[in-house]
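Below is one structure, written out as structure tokens; the observations come after it.
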Amino acid sequence: MHEFSTADGFVEITESLADMIKFVANEPSVGLFYIQQHTQHAMPNLVNVKSKVAEKYREMTLHTEDLEDSITMVRSMKDTGFPIADEMIKDIKKSLAIISLKQPKRGLIQCPSSGFQMGRTISWGLNAVYARQDSEGSGNYLSSVFKSAKERASNFKWSKLDSKE
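Residue numbers 1 to 165, in full-length UniProt numbering, belong to the letters of the sequence shown in order.
Below, the structure written as structure tokens:
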């Protein structure tokens, strides 16, 4: 068969089959020769078509298996994927919350245990000096400053220095 449409192929087969039946009926030797010749010409084409059909069948089988695997994976992802992703998001949020609590943001000083405080303290302020003057009678300003400095110095913990002379 040559490059014909399907309808043309059926028409040609029908006509060729009718001719073969006539030849076999009228002259058996010529009819059998005609059948043999047709078979020799058609057989390579049939073998080629059969191999192409087998190849297409294998491809179709592989594609079908791939599609079945893909459908199974999509169903699996639909059933378990979203809950797992939600759980992972919750874990990430929890981890970020823990990290932000344990490590302060850069640039901020948030250390309440620091010994350094800005502003006036009670012992050095003017109110402290005047309050002491009132309690001590009429002491002068300079002596009250020295006394408060002495009190503050006594609160420090000095390490003992070894004098090497």
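Glycine included, each C-beta is placed from N, C-alpha and C at the ideal position.
Note that the structure is predicted; figures quoted are calculated from it, not measured.
Neighbourhood of residue i by C-beta distance below 7 angstroms, restricted to the same chain and skipping five residues each side
i, result
"Phe23", "Val30, Gly31, Tyr34"
Neighbour-count burial assignment, residue i, 16 or more Cβ in a 10 Å radius
i, result
"Ser143", "exposed"
Residue i versus the options, residue with shortest Cα-Cα distance
i, options, result
"residue 166", "Asn48, Thr6, Ala54, Leu17", "With the chain covering 1 to 165 only, the question about residue 166 has no answer from this structure."
Residues near residue i by beta carbon distance below 8 angstroms, same chain, minus five either side
i, result
"Ala25", "Gly31"
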